[in-house]
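**Q** I'd like to ask some things about the structure below.
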Amino acid sequence: MDANLENWMRKLEEAARGTFWDDLRCRLAKAEPGLVVVSLLAERRHLNGIGLLHGGVHASLLDSAMGIVAMIARPGDSVVTTNMNIHYLTPLGLGPITVTAELVHESRKTVTARGRVEDGEGRLGSWGSASFRVVGGEAPAVRPS
């Protein structure tokens with residue numbers, strides 16, 4: 001990983017402490033331009049009432065992973081989710097979950113990404129796409145010092 005990207009990601013991880021990211025208990029497994037991998041060990045807290053990985057967990061993981069891809073694409077800017085579409089395919093449960101997000105397109109004011117949520121056996125639980133609006137200066141929590 002590039003030293004600047006590694007430093008930026010460390011700042012992002014520090015800024016995420018105590019936030020919803022921590023509540024989910026996910027972690028950044030890989031980050032490089034155009035590709036992010038987020039992992040989660042799904043616990044009972046992540047399930048819905050019928051024992052399946054909650055749709056909101058799918059959505060949060062996809063939004064987070066795709067958002068990081070968008071932030072890496074635009075390191076000097078802040079980006080916010082403007083649209084996200086999710087296709088739920090296979091019920092997932094307890095155990096390791098991997099989310100892979102990729103950059104699809106980038107313009108002056110918009111970044112588009114896609115992502116996949118898979119379990120430890122490689123079953124595709126959901127996939128999604130999202131658009132992120134470039135809104136200006138870098139997020140205060142991850143600005144270079």
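Everything in the sequence shown is counted per full-length UniProt numbering, starting at 1 for the first residue and increasing by one.
C-beta atoms are modelled at their ideal positions from N, C-alpha and C, and glycine is treated no differently.
Please read all numbers here as calculations on a predicted model, not as lab measurements.
1) Going by beta carbon distance, what residues of the same chain come within less than 8 Å of V104, once the five residues before and after it are set aside?
2) Give, in chain order, every unbroken run of the alpha helix (DSSP H) that is at least 4 residues long and sits entirely within the region 21-96.
3) Which partner residues of W127 appear in the DSSP bridge assignment?
4) Measure the C-alpha to C-alpha separation of R134 and D63 and round it to an integer number of angstroms.
5) According to the Cβ coordinates, are L40 and L24 closer than 8 Å?
6) Which of the three DSSP states, helix, strand or coil, is assigned to R133?
7) So, do the region 29-39 and the region 2-9 have three or more beta carbon pairs nearer to each other than 8 Å?
8) Pop quiz: V37 and T81 are said to be a contact at Cβ under 8 Å. What is the actual Cβ separation, rounded to whole angstroms?
**A** On the basis of the coordinates in this document:
1) T112, A113, R114, S129
2) 55-73
3) H87, R116
4) The residue asked about is misnamed: residue 134 is Val in this sequence, not Arg. Distance between the alpha carbons of V134 and D63 is about 15 Å.
5) yes
6) strand
7) yes
8) That belief does not hold up - the Cβ atoms of V37 and T81 are roughly 19 Å apart, past 8 Å.
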